[in-house]
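Asker:
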Amino acid sequence: MILPNKLISFQDCILAKTVYILEKICDTNYSVSELYEVVKKYFKDLNEYMLALDVLYVLEKVEYNEELQVIQYVKKNNL
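Using my numbering, you'd call the opening residue of the sequence shown number 13 and step up by one each time.
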């Protein structure tokens with residue numbers, strides 16, 4: 013389900029759906045629930061959305077700011 017295979021096409025896998033989250037948070041920070049309201053049309057349910065957030069966190073593409081209680085895009089300087 014995270015990666016495409018013979019049964020799950022790329023557009024249906026979680027990895028492909030992470031793009032919708034990244035597009036939204038690259039400019040603006042959202043709380044977990046606010047972001048879900050913005051991108052929920054791309055996900056089957058809340059579990060799929062949370063799995064996508066988990067994947068992005070493990071890949072170090074997003075982080076959760078506990079003070080502001082928002083999800084932030086991780087900008088890295090690859091020198």
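From the three backbone atoms N, C-alpha and C, an ideal C-beta is built for every residue, glycine too.
Which whole-angstrom value describes the C-beta separation of K73 and V86, a residue pair presumed to lie in contact below a C-beta threshold of 8 Å?
Answerer: One-based indexing of the sequence shown puts residue 73 at position 61. One-based indexing of the sequence shown puts residue 86 at position 74. So it is a contact: roughly 6 Å between Cβ atoms.
Asker: Since Y85 sits in a beta bridge, which residues does DSSP pair it with?
Answerer: Within the sequence shown, the letter at position 73 stands for residue 85. Answer by DSSP bridge pairing, in chain order: V74.
Asker: Under a Cβ-count criterion, where at least 16 other Cβ atoms within 10 Å of its own Cβ denotes burial, should V67 be classed as buried or exposed?
Answerer: The residue labelled residue 67 in the question sits at position 55 within the sequence shown. V67 comes out buried.
Asker: Are the CB atoms of Y48 and K29 nearer to each other than 7 Å?
Answerer: By 1-based counting over the sequence shown, the position of residue 48 is 36. By 1-based counting over the sequence shown, the position of residue 29 is 17. No. Outside cutoff.
Asker: Just curious, the alpha helix (DSSP H) that S43 is in, first and last residue?
Answerer: Position 31 of the sequence shown, counting from 1, holds the residue named residue 43. Neither: S43 is in no alpha helix (DSSP H) and is coded neither H nor E.
Asker: I need the DSSP call for N59, collapsed to helix, strand or coil.
Answerer: Stepping through the sequence shown from its first residue, residue 59 is reached at position 47. The answer is helix: DSSP assigns N59 an H, G or I state.
Asker: Considering only their Cβ atoms, is the gap separating L34 from I14 smaller than 7 Å?
Answerer: Position 2 of the sequence shown, counted from the start, is the residue given in the question as residue 14. Position 22 of the sequence shown, counted from the start, is the residue given in the question as residue 34. For I14 and L34, no; Cβs fall outside 7 Å.
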